[in-house]
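*Asks:* Okay, so the first sequence: first residue is 1 according to the numbering used here, each after it adds one. This is the structure, below, for whatever I ask next.
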Amino acid sequence: MIIVIVGPTGIGKTKLSVRLAQEFNTEIISGDSVQIYKGLDIGSGKVKPCEQEGIVHHLLDVLEPTENYSVALFQKTVRQKIAELQSKQKTPIIVGGTGLYIKSVLYDYNFEDAYRDEEYLSQFENLSNDELHQILQEKDSSASITIHPNNRKRVLQAISRSRYNKVSQNKNKDIPVYDFVLIGLTQERSLLYNRINKRVDQMINEGLVEEVKHLYDQNIRSYSVSAIGYKELYQYFDGEITLEEAINLIKQHSRNLAKKQFTFFNNQFDCHWVTVNNEDFEQTVQKVLQIINQR
RNA sequence: GGGCGGGUAGCGAAGUGGUUAAACGCGACAGACUGUAACUCUGUUCCUUAGGGUUCGGCGGUUCAAAUCCGUCCCCUCCCA
Numbered sequence: 001m002i003i004v005i006v007g008p009t010g011i012g013k014t015k016l017s018v019r020l021a022q023e024f025n026t027e028i029i030s031g032d033s034v035q036i037y038k039g040l041d042i043g044s045g046k047v048k049p050c051e052q053e054g055i056v057h058h059l060l061d062v063l064e065p066t067e068n069y070s071v072a073l074f075q076k077t078v079r080q081k082i083a084e085l086q087s088k089q090k091t092p093i094i095v096g097g098t099g100l101y102i103k104s105v106l107y108d109y110n111f112e113d114a115y116r117d118e119e120y121l122s123q124f125e126n127l128s129n130d131e132l133h134q135i136l137q138e139k140d141s142s143a144s145i146t147i148h149p150n151n152r153k154r155v156l157q158a159i160s161r162s163r164y165n166k167v168s169q170n171k172n173k174d175i176p177v178y179d180f181v182l183i184g185l186t187q188e189r190s191l192l193y194n195r196i197n198k199r200v201d202q203m204i205n206e207g208l209v210e211e212v213k214h215l216y217d218q219n220i221r222s223y224s225v226s227a228i229g230y231k232e233l234y235q236y237f238d239g240e241i242t243l244e245e246a247i248n249l250i251k252q253h254s255r256n257l258a259k260k261q262f263t264f265f266n267n268q269f270d271c272h273w274v275t276v277n278n279e280d281f282e283q284t285v286q287k288v289l290q291i292i293n294q295r
């Protein structure tokens, strides 16, 4: 069995996962697309060494900020980690907020044959969104239904994919490939938003500005630093906005992210939702343990 | 006290007599989701018992018709005293 913890940013996934890992004497696999990067610590909400309680954490700090990451890579490495842990008779705990990444591990997503072929796609450069969508409809009608014509990036991606897969892969997205318990942490929206705002202030106090300055000074302009907490401070260092504006934007973008995460987990997963009790976190832990032990 | 500019939906901001609750942006809410997913994209957003009803600082007026014209009062920015 695999234990999976999902939920919006700032809800307490990290804290819960460490407690569970202690309880089950196991290790944690991060399901986060930003914490994978070295040097993006405070802003990504990465577990601090002092919070780890000696628990082994996988998939943190494995990429340089200049490297690219992808769902396919995530799926591959996490599936390897799962196999490793299971061969040691350990229950893998996957924790994170990147919905698609986690879903691609647990369900039958196949990335093997399909990748974005820029050279092939270059021939479509001058076509309009609607023309592109028309092409997709011919190549993969089921994909064309879920992708809006204006979503050019995904339309192109799907066209590229259809080159290698005659039949759309979308139909496999709800076929599980593991035995897992899926716990979703939740909380009243206004409470969570409050927590998020405070957490951002805390990040600033812990030295987020310095952390980002360090990346900025190395002239890192890769995709990694377009993450929330980084892109806003880059704007500040570029002199486009004030520090105060940057902080407010980080808060707002974090709230927007939490909202989007709720949407994904609510509609793409069938979670056991657990409402987090901030005053008595142990109560939350017990609720989660109860759900896991019912399996 | 005098002069200028201005007060438009949660906020910002178009509109300056007549296809219209009022462009657009932001925010908020809801949603889609197989390769940058902390991405990309979509819908709704005055009230409504869905028949309608009330809006563009307040009040009054002109007009068949006003956010748009006139009068008056209130508030704000800037300038002169």
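Note that beta-carbon positions come from the ideal geometry of N, C-alpha and C, so glycine has one too.
(1) Can you give me the C-alpha to C-alpha distance between E211 and S17, rounded to a whole angstrom?
(2) Just to confirm, is the Cβ distance from T98 to D140 under 8 Å?
(3) Report the option in N151, N194, L182 and L100 whose CA atom is closest to the CA atom of K173.
(4) Within 8 Å, do at least three Cβ pairs link the segment 6-20 to the segment 42-49?
(5) Around the C-beta of Y230, are 16 or more other C-beta atoms found within 10 angstroms, so that it is buried, or is it exposed?
(6) Could you check whether I183 and C50 sit closer than 8 Å to each other, using their CB atoms as the reference points?
(7) Applying the criterion that 16 or more other CB atoms from any shown protein chain within 10 Å of the CB defines a buried residue, is Q202 buried or exposed?
(8) What ranges does the beta strand (DSSP E) occupy inside the segment 225-255, keeping only unbroken runs of at least 3 residues that lie completely in it?
(9) To the nearest angstrom, how far is it from the Cα of D41 to the Cα of L185?
(10) Hey, could you find the ends of the beta strand (DSSP E) S44 is sitting in?
(11) Would you say I2 and Y109 are within 8 Å of each other, going by their C-beta atoms?
(12) Can you list, in chain order, the residues of its chain with a C-beta nearer than 7 Å to that of A246? Leave out the 5 residues immediately preceding and following it.
(13) Can you tell me the Cβ-Cβ gap for I28 and Y107, rounded? I've got them flagged as a contact below 8 Å.
(14) Can you tell me which of the three DSSP states L257 falls into?
(15) Count Cβ pairs between the segment 81-99 and the segment 150-162 that sit closer than 8 Å; are there 3 or more?
(16) Are the CB atoms of H58 and K76 nearer to each other than 8 Å?
(17) Could you give the first and the last residue of the continuous beta strand (DSSP E) run that contains F180?
(18) Does A83 pass the burial test, meaning 16 or more other C-beta atoms within 10 Å, or should it be called exposed?
(19) Using a Cβ-Cβ cutoff of less than 7 Å, which residues in the same chain neighbour S144 once the five nearest sequence positions on both sides are dropped?
(20) In the DSSP assignment, find the beta strand (DSSP E) that holds S30 and state where it starts and stops.
(21) Quick one: which unbroken beta strand (DSSP E) runs of 3-plus residues sit fully inside the segment 83-118? Chain order, please.
(22) Kindly give me the distance between the Cβ atoms of L215 and G39, rounded to whole angstroms, as I take these residues to be in contact under 8 Å.
(23) N126 to N266, Cα distance in whole Å?
(24) Could you give the first and the last residue of the continuous beta strand (DSSP E) run that contains V6?
(25) Buried or exposed for V209, going by 16 or more other Cβ atoms inside 10 Å?
(26) Compute the beta-carbon to beta-carbon distance between T263 and V276, rounded to the nearest angstrom, for a pair I have assumed lies under 8 Å.
(27) Mind checking S254: buried by the 16 CB within 10 Å criterion, or exposed?
(28) Rounded to the nearest angstrom, what separates I5 and S70 at their Cα positions?
*Replies:* The short version:
(1) 25 Å
(2) no
(3) L100
(4) yes
(5) buried
(6) no
(7) exposed
(8) none
(9) 22 Å
(10) S44 -> no beta strand (DSSP E), and no H or E assigned at all.
(11) no
(12) E232, L233, Q235 and Y236
(13) That pair is no contact at about 21 Å.
(14) helix
(15) no
(16) no
(17) F180 to T186
(18) exposed
(19) H133, L136 and Q137
(20) I28 to S30
(21) 93-95
(22) 6 Å
(23) 37 Å
(24) I2 to V6
(25) buried
(26) The Cβ separation is near 18 Å, so there is no contact.
(27) buried
(28) 20 Å
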